[in-house]
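One structure below.
Numbering (our numbering), first residue to last: 82 to 223.
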């Protein structure tokens, strides 16, 4: 039950910040243009799929690498790490939205850190689920 609460509270916090940024941006920045709208669309789509992935994980969502259940349906039928993927695309959308492209340097650093975490998670999943996970990994992207 504790993981559900953490999972949903963090999602609520993400949505609050998202809406605050969207509402506040046009007020504080007169540079509303193609990049603003493109970034907003990318953030919205990313947040939608990020939310689907987090909900699908349910109680399997963990802060640290752990393996209590292998989720292989829904969005996880196609993408092994949708939370990371759509988290990255959300950040790209945010960088485009605010038009501060030096933020891509932050994204590169984050990707390097998250790739290390992904490798650890995959190692834990492979140890826990063995051939089942390897078969799943072979038929999914990222």
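Backbone N, C-alpha and C fix where the C-beta goes; we use that ideal spot for every residue, glycine too.
Since we're looking at a predicted model, the values are computed, not measured.
So which of 187, 176, 214 has the shortest CA-CA distance to residue 148? 214
For residue 221 versus residue 122, is the C-beta distance shorter than 8 Å? no
Please confirm whether residue 117 and residue 178 have their CB atoms less than 8 Å apart. yes
Using the Cα positions of residue 217 and residue 112, report the straight-line distance between them to the nearest angstrom. 45 Å
Identify, in the order they occur along the chain, each residue of the same chain with its Cβ nearer than 8 Å to the Cβ of residue 171, setting aside the five sequence neighbours on each side. 123, 124, 127, 128, 131
Do residue 151 and residue 243 count as a contact pair if the criterion is CB distance below 8 Å? Any question about residue 243 goes unanswered here, given that the chain covers just 82 to 223.
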